[in-house]
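Here is the structure we will look at.
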Amino acid sequence: MPLRPDFVAPVHPPLSSPDPVVAFAESFQRVGGEFYYCETLEHLAKQIAGFRQRQQVGAPYVWEPDLQAVLRAAGVAFRADEQDFIAQADLSLTSCEALVARTGSVLVSAATASGRRLSIYPDQHLVLARPSQVVSEIGEALRVIQSRYGSQMPSMVSLTSGPSRTADIEKTLVLGAHGPRRIALFLLEEGENNGE
């Protein structure tokens with residue numbers, strides 16, 4: 001007689017850490033993301049400056065007013081315009097809707113001033129998020145979007161798990177095939193200038 005499935009048992013094993021933020025950081029790095037914890041605005045400024053220096057890139061394009069306010073308070077240079085965006089968009093910085101601990105995924109949407117372009121077009125994508133945005137599972141992240149927007153869902157919702165990559169051609173891994181070649185997340189502690 002076949003074993004009867006246990007429909008009450010959880011589908012997934014427990015997260016790698018009881019702290020969802022730690023579990024997210026581990027999962028995010030496992031899928032190829034770069035994770036930076038920032039306790040203060042000063043620390044955020046140093047981490048972004050270090051990233052830019054290592055990658056030899058200019059100031060990021062940042063179109064969301066709340067993010068611009070945080071960066072101004074931290075003394076971080078950014079580009080708020082769209083001039084020469086296509087030619088010079090090597091780096092962008094956006095917010096996100098949620099962070100998924102299980103998969104290390106970043107949920108972004110077109111509902112912000114960043115629209116569709118800033119999380120997809122530039123070669124390198126930076127994300128600024130808060131610990132309160134971390135959820136355990138993808139279903140919870142989708143419920144965050146649903147409760148935030150109700151019947152006015154964004155025209156695009158994207159679940160990004162690491163840098164864009166494909167191995168379609170001769171099974172050779174290529175980064176940046178359909179989106180950013182590098183993704184880095186800066187997790188800024190709660191209460192550090194909320195853009196006000």
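Just so you know, the sequence shown maps onto residues 1 to 196 in the UniProt record's numbering.
We treat Cβ as the ideally placed atom computed from N, Cα and C, and that holds for glycine.
Every value quoted in this text rests on a predicted model; they were computed, and no experiment measured them.
Whose C-beta lies closer than 6 Å to the C-beta of residue 77 among residues of the same chain, with five residues either side of it excluded?
-> 59
Candidates 153, 162 and 70, of which the one nearest residue 32 by Cα = 162
Sub-8 Å separation of residue 80 and residue 68 beta-carbons | yes
Where does the unbroken beta strand (DSSP E) through residue 109 begin, and where does it stop?
-> 105–109
Verify whether the separation of the beta carbon atoms of residue 104 and residue 158 is less than 8 Å.
-> no
Would you mind sorting residue 8 into buried or exposed? The rule is 16 or more other CB atoms within 10 Å of its CB.
-> exposed
Would you decide whether residue 97 is buried or exposed? Buried here means 16 or more other CB atoms lie within 10 Å of its CB.
-> buried
What is the rounded straight-line gap between the Cα of residue 55 and the Cα of residue 5?
-> 50 Å
Please determine if the segment 129–148 and the segment 15–25 are in contact, where contact requires at least 3 C-beta pairs separated by less than 8 Å.
-> yes
Give me the Cβ distance between residue 63 and residue 113, rounded to the nearest whole Å; I'm assuming they're in contact under 8 Å.
-> 5 Å
Inspect the beta-carbon positions of residue 186 and residue 44 and report whether they are closer than 8 Å.
-> yes
Give the secondary structure of residue 79 by DSSP, where H, G and I count as helix, E and B as strand, and everything else as coil.
-> strand
In terms of residues, what are the limits of the alpha helix (DSSP H) holding residue 12?
-> Looking at the DSSP string, residue 12 is not in any alpha helix (DSSP H), and its letter there is neither H nor E.
With a 10 Å radius around its C-beta and 16 neighbouring C-beta atoms as the bar for buried, classify residue 2 as buried or exposed.
-> exposed
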